[in-house]
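*Asks:* So the sequence shown is numbered by this note's numbering: it starts at 1 and just counts up by one.
Cβ coordinates follow ideal geometry from the N, Cα and C atoms, glycine included.
Quantities reported herein were computed from a predicted structural model and do not represent experimental measurements.
Take a look at the following structure, please.
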Amino acid sequence: MVGGCNKVSVDIVPSVPGVRSIHGRERAVDSYKPVIDPVARMPGKVPPDELFAHVFERTGTAAGDDTVRQGPADGEDAAAIDWPGGDLVVSSDPISLAASQVGNLGVHVACNDVAASGADPQWLTVVILLPDETADLEAITRDVDAAATEIGASVVGGHSEYVDQLERPLVSLTAVGATEAFVPTGGAEPGDEVLLTKAAGVEGTAILAADFGDELAVDDGTIRRARAFLEEISVVPDARAVREYATAMHDPTEGGVAAGLLEIARASGVRLEVDRDAVPIREETERLCDAAAVDPLRIFGSGALLATVPDDRSDQALEALSSAGLEAASIGIVAEGDPELRLGEESITDPVADDLYPLWEAADESTS
C-alpha cells in the first residue's frame, strides 16, 4: 500500500438481540455490535459504531410504522416500504470524492443499491451543490440525463445551489423503485453459495487509471482499457438476471469486494467462507494494483454484484447471468457462525478500509 493508513481497532461484542421479520423470515438483528476505537478519523463511510450510537435508534416513528419493511441497519443500503403489490425501495448516495463524471457516477451508484434490493430503479431526485458559478452544471446535468435514460429512470425533482465552502461539485441522488420481492443484504442463509458478477475492483481500477495512470509503471493500453471500466459501473442488468434466485444481494462499493462480503456476513449474522483464488480479477486490475501496491479486493467495487443463492439453485443463477451476457463466478459459501469473512486463510471481522484513500492522501500531501 502506498502512503500511510490510519488504524482502527474493532471488537465484536454481544448485545441484546432483537428479531425482525422480512417477508415472513425471522432474523436476529443487532446480535453483534461493533465497538470501534478510532485512532484517527478516516475519510469515507461513518463507522458502524457511530451509526449504532447516533443513527439506527433515531428514526422518528419508523419503529412503530408497519409500512416500514426495512429501515436503517448495518450493511443495508436501501429502505423498503410497504407498497401495493410489494415494496417501494429507496436509497440515497452522494458522490463526494470524484471530480469528474459525478453525474454519471451518482446515477449509477444510487440505482445500484435499489437494483441490489430486487427493484428496477424508476425515479430519481438529484441534489447538486456547486463551489462557484464556473462549475460545469451543464456537464453534470447532461451526464445525469444520459445515465438515467440508459437505466430507464426518470429524474422527477431535486435541488441545486452554489456553496462557497466547497472545493468541488457535490452530487447526491435518491433513487426509488418498486418490487414484488425485496431482497435484503441480510438474507444470506447457511448453505447458500456466494456469487460475484464481473470482477473485483471494477470501479477502483478505473479510478487508478484516471487518477494515477501517469505515475504508475503501466503501459498506455492497459490504462486506456482500465479507464473504460467506468462504463460497466451499473449492476442493474446483473440484479435483474439473478434476483429471482437470490437470498441476499449487495453492491460492493467503498472497501471493495472484501468490504461487501463482510457487510453481508454482518447483516445476515453468518460467516462467509470465500476462496480468494476463485474471485475473478481482470488483467488490467492486477497490473494497476500491483503497480500501486494495493489489494484488488479492497478497492472500490462498484460494477460487481454479490449475491447469495441456495446451493441447489446456483447453477440456474449462473446460467441466467450468462444468458444476460454477464460474467459471474461462485466464490464461496455461507456457513453458520458469528459474523465473519474468511477470505482464504485470512479472518476479517473489522470494517474494511479502502486501499485508495492512502493514495489520495499521499497525492494531496505531495501537492500541498
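Let me know the secondary structure DSSP gives tyrosine 245 once reduced to three states.
*Replies:* For the purposes of this step, residue 245 is taken as residue 245 along the sequence shown, with counting starting at 1. If DSSP states are grouped into helix, strand and coil, tyrosine 245 belongs with coil.
*Asks:* Going by Cα to Cα distance, which pick from Glu161, Val257, Glu283, Pro169 is closest to aspartate 219?
*Replies:* Looking up residue 219 in the sequence shown gives position 219. The shortest Cα separation from aspartate 219 among Glu161, Val257, Glu283, Pro169 belongs to Glu283.
*Asks:* Using beta-carbon positions only, say whether proline 296 and alanine 362 come within less than 8 Å of one another.
*Replies:* Reading the sequence shown from its first residue, position 296 is the one you call residue 296. Reading the sequence shown from its first residue, position 362 is the one you call residue 362. Result no, Cβ atoms of proline 296 and alanine 362 do not sit closer than 8 Å.
*Asks:* I'd like to check one pair, proline 237 with alanine 175: are the Cβ atoms closer than 8 Å?
*Replies:* As a position in the sequence shown, residue 175 is number 175, starting the count at 1. As a position in the sequence shown, residue 237 is number 237, starting the count at 1. Not a contact, by the Cβ cut-off of 8 Å.
*Asks:* On the CB-based measure, 16 or more other CB atoms within 10 Å of its CB, does threonine 134 come out buried or exposed?
*Replies:* The residue given as residue 134 occupies position 134 in the sequence shown. So threonine 134 counts as exposed.
*Asks:* Rounded to whole angstroms, what is the Cα-Cα separation between proline 84 and threonine 61?
*Replies:* Within the sequence shown, residue 84 is the residue found at index 84, counting from 1. Within the sequence shown, residue 61 is the residue found at index 61, counting from 1. Taking the straight line joining both Cα atoms gives about 21 Å.
*Asks:* Given a threshold of 16 other Cβ atoms within 10 Å of its Cβ, counted over all protein chains shown, does histidine 250 qualify as buried or as exposed?
*Replies:* The residue you call residue 250 lines up with position 250 of the sequence shown. The residue in question, histidine 250, is buried, as its Cβ has 16 or more Cβ neighbours within 10 Å.
*Asks:* Rounded to the nearest angstrom, how far is the Cβ of valine 144 from that of valine 107, given a contact under 8 Å?
*Replies:* Here the question's residue 144 lines up with position 144 in the sequence shown. Here the question's residue 107 lines up with position 107 in the sequence shown. Yes, they are in contact, since the Cβ atoms of valine 144 and valine 107 sit about 6 Å apart, within 8 Å.
*Asks:* How about glycine 301 and glutamate 203: are their beta carbons less than 8 Å apart?
*Replies:* Looking up residue 301 in the sequence shown gives position 301. Looking up residue 203 in the sequence shown gives position 203. Contact: yes.
*Asks:* Let me check one thing: in DSSP terms, what residues is leucine 288 bridge-paired to?
*Replies:* Numbered from its first residue, the sequence shown carries residue 288 at position 288. None; leucine 288 has no bridge partner.
*Asks:* Verify whether the separation of the beta carbon atoms of alanine 291 and alanine 226 is less than 8 Å.
*Replies:* Locating residue 291 in the sequence shown gives position 291, where the first residue counts as 1. Locating residue 226 in the sequence shown gives position 226, where the first residue counts as 1. Against a cut-off of 8 Å, the Cβ pair of alanine 226 and alanine 291 comes out as no contact.
*Asks:* Determine the direct distance from the alpha carbon of threonine 367 to that of isoleucine 151, and round the result to whole angstroms.
*Replies:* As a working note, residue 151 is residue 151 in the sequence shown. As a working note, residue 367 is residue 367 in the sequence shown. The alpha-carbon atoms of isoleucine 151 and threonine 367 are separated by roughly 38 Å.
*Asks:* Could you pull the start and end residues of the alpha helix (DSSP H) that isoleucine 207 belongs to?
*Replies:* Walking along the sequence shown from the start, residue 207 turns up at place 207. Start and end: 202-212.
*Asks:* Going by C-alpha distance, which of Ser92, Leu124, Val109 is nearest leucine 305?
*Replies:* Stepping through the sequence shown from its first residue, residue 305 is reached at position 305. The shortest C-alpha separation from leucine 305 is found at Val109.
*Asks:* Out of curiosity, what's the CA-to-CA distance linking valine 68 and aspartate 82?
*Replies:* Translated into the one-based positions of the sequence shown, residue 68 becomes position 68. Translated into the one-based positions of the sequence shown, residue 82 becomes position 82. Roughly 6 Å between the two C-alpha positions.
*Asks:* Going by DSSP in three states, aspartate 164 sits in which element: helix, strand or coil?
*Replies:* As a first step, residue 164 is located in the sequence shown; it is residue number 164 there, counting from the start. In this structure, aspartate 164 counts as coil in the three-state DSSP scheme.
*Asks:* For proline 169, tell me which candidate among Ala153, Glu327, Tyr357, Ile95 has the shortest Cα-Cα distance.
*Replies:* Looking up residue 169 in the sequence shown gives position 169. The candidate whose alpha carbon is nearest that of proline 169 is Ile95.
*Asks:* Thinking just about the alpha-carbon of each residue, which of Asp132, Arg142, Leu88 is nearest to the one in alanine 119?
*Replies:* Numbered from its first residue, the sequence shown carries residue 119 at position 119. Of the listed residues, the one whose Cα sits closest to alanine 119 is Leu88.
*Asks:* Which first and last residues belong to the alpha helix (DSSP H) in which isoleucine 151 is found?
*Replies:* Reading the sequence shown from its first residue, position 151 is the one you call residue 151. That run of the alpha helix (DSSP H) goes 137-151.
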